[in-house]
Amino acid sequence: MSEDLLDIAEIIRSKTPEDRSFYKESNNPSDSIALFDVGNNAWLRVPRQGNFEFAIVVRKQEDGKFVYQVKDPKSGIMYKEGAWFEQEQLSPQYIGRPSWLFTAIVVTLAAFAATSISMLSSGWHISVFLDSDENFKIHRRFGYLHSRLLLRKQDEIRRLEAELDELDDLDEAADAPDKLRARSRVHDIALEKRELADDQTLRTRSMILDEIEEKLSAYDDLLLKSQALNAMHRPTDSDYRSVEQYIFDRKPLVDEEQGFIYEKDDLVILREGREDAFLDTMTEKFLQSLFCTSADRAKTDDPNLHYFSKSRKDTFITTLLVLVLLILLILPVFLLYRLTEHHNINLTYTVSIGVLLVFTLVFSAVLSLFTQAKRHEIFGAAAGYVAVLVVFISNIPNVN
């Protein structure tokens with residue numbers, strides 16, 4: 206709120222004038238601030254001059270219901286001390302310019318709550334921690350057990366296949382009592398009914414096929430799920446160390462149950478693979494304060510545990526990659542242009558080829574390290590990059 210605004214803006218609870226209170230500068234945190242239930246309308250009257258800003262903050266009561274109150278836009282102090290979440294999503298937030306002498310801004314409050322690791326006094330803290338960030342969703346895939354189950358189901362189906370082949374061979378043998386069974390399914394089913402009437406313990410071809418269908422369906426489901434698990438990405442070293450260090454320091458589980466984190470070769474992460482995991486690690490390490498929002502900081506009071514705003518980090522990394530791309534395109538062209546001023550054509554070609562080689566290697570390295578480009582995609586991009594530089598080199602004699 207700018208300096209030229211009045212120090213007092215009136216907060217009025219919808220349809221209840223007697224509950225109105227004043228929103229003051231936060232010199233005294235005990236100032237009265239009205240609480241609003243979900244669905245209430247909060248009105249803020251601001252003067253005509255200058256911009257205004259206010260935020261509605263969520264609080265969880267002991268009965269599990271959520272109420273809201275006003276947050277000071279200057280100091281960030283929240284009123285009405287009590288046992289409630291320390292992290293707040295400033296939603297809704299309004300920043301704008303009133304058009305009348307006194308403008309009333311209305312917003313309908315919606316239910317919202319954020320989960321904090323530190324808010325839980327007991328229970329499965331590890332589950333809250335793993336769910337607090339997409340980079341912490343690390344679990345075992347049980348690859349060995351999947352292989353054991355696949356081998357067992359595979360052998361069961363193999364036995365049924367052999368049993369079915371044996372029946373087919375008997376029906377196609379030269380001394381078979383009825384060779385039509387091998388060529389007519391209707392005839393085979395009719396004979397099966399007669400045989401079952403005489404001997405109910407008999408295993409027919411239809412029974413074997415039904416059992417094969419059931420076991421094949423289960424086998425296919427497990428096979429596809431195993432394939433999906435194998436295609437999942439492994440956690441990066443930094444993500445793994447974050448979870449492992451939290452478990453080691455806090456010991457949220459007994460020793461026997463926390464042993465899963467040490468099965469590193471069997472761990473997978475639920476989030477999709479990052480194109481710039483290497484850059485993520487670098488930026489998180491050196492720019493922690495820049496990429497950590499107030500809501501992220503409020504998730505925990507552990508000084509050794511840091512959360513990062515994914516949107517801020519992605520924006521920074523995208524900007525960095527764009528700058529690198531511009532440098533890789535402009536710098537070699539600039540160097541080659543300066544080489545055209547040299548009157549020794551042979552020397553110019555030699556140095557130009559060296560520049561071409563160096564920048565092509567750097568370009569390929571950037572694609573390999575900072576993206577998930579496949580080999581043929583890297584080759585194609587490098588070929589296009591070389592083509593641009595070669596076109597410039599081919600014009601060197603013309604310039605001279």
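Residue numbers in the sequence shown follow our numbering, run continuously in steps of one, and reach 605 at the last position.
All C-beta atoms, glycine included, are put in the ideal place defined by N, C-alpha and C.
What you are looking at is a predicted structure, and each value in this text was computed from that prediction instead of being measured.
- Looking at the DSSP output, L472 sits in a beta bridge with R345.
- In this structure F584 is exposed. Its beta-carbon is surrounded by fewer than 16 other beta-carbon atoms within 10 angstroms.
- By the 16-neighbour rule on beta-carbons within 10 angstroms, R386 is buried.
- Shown here, D426 sits in a helix according to DSSP, grouped into three states.
- Given a length threshold of 3 residues, each whole run of the beta strand (DSSP E) inside the segment 342 to 415 is given here in chain order: 343 to 345.
- Contact between F575 and L536 is ruled out by a C-beta separation of about 18 Å, above the 8 Å threshold.
- With fewer than 16 other Cβ atoms inside 10 Å of its own Cβ, L407 counts as exposed.
- Restricting attention to V596, V556, I362, the CA atom closest to the CA of L414 is found in I362.
- Taking the C-beta atoms as reference points, A381 is found nearer than 8 Å to L375.
- The Cβ neighbour count for I452, taken over all protein chains shown within 10 Å, is at least 16; the residue is labelled buried.
- Looking from the CA of K469, the closest CA among E461, E449, T409, K456 belongs to E449.
- The beta carbons of H351 and S431 sit about 5 Å from each other, so the pair counts as a contact at 8 Å.
- Look at the beta carbons and you see the segment 458 to 467 not touching the segment 434 to 442: under three pairs across the two are nearer than 8 Å.
- Between the alpha carbons of S573 and V529 lies a gap of roughly 14 Å.
- Straight-line spacing of the CA atoms in R410 and D360 works out to 19 Å.
- Shown here for L428: not one same chain residue has a beta carbon closer than 6 Å to its own, the five before and five after excluded.
- Between the alpha carbons of Y542 and T523 lies a gap of roughly 29 Å.
- For D403, the number of other beta carbons within 10 angstroms of its own is below 16, and it is reported as exposed.
- For Q577, there is no enclosing alpha helix (DSSP H), as DSSP gives it neither H nor E.
- Here I394 is exposed: its Cβ has fewer than 16 other Cβ atoms, across all protein chains shown, within 10 Å.
- Listed in chain order, the non-local C-beta contacts of L365 below 8 Å within the same chain comprise I413, E416, I417, K420, local neighbours out to five positions each way being set aside.
- DSSP, reduced to helix, strand and coil, places K456 outside both helices and strands of the structure shown, so it counts as coil.
- For a cut-off of 8 Å, the C-beta gap from F341 to S447 is around 7 Å, short enough to register as a contact.
- In this structure, I598 lies away from S569, with their beta-carbon atoms at least 8 Å apart.
- Sequence-distant partners of L354 (beyond 5 residues in either direction) whose C-beta falls short of 7 Å from its own C-beta, in its chain, are L427.
- Excluding five sequence positions before and after V538, the CB atoms of its chain that fall closer than 7 Å to its own CB belong to F597, given in chain order.
- A distance below 8 Å between beta-carbons, with the five flanking residues on each side excluded, links A578 to the following residues of its chain, in chain order: L572, A586.
- Distance between A588 and E477, taken at the CA atoms: about 29 Å.
- Assignment of H330 by DSSP, reduced to helix, strand and coil, places it in the helix class.
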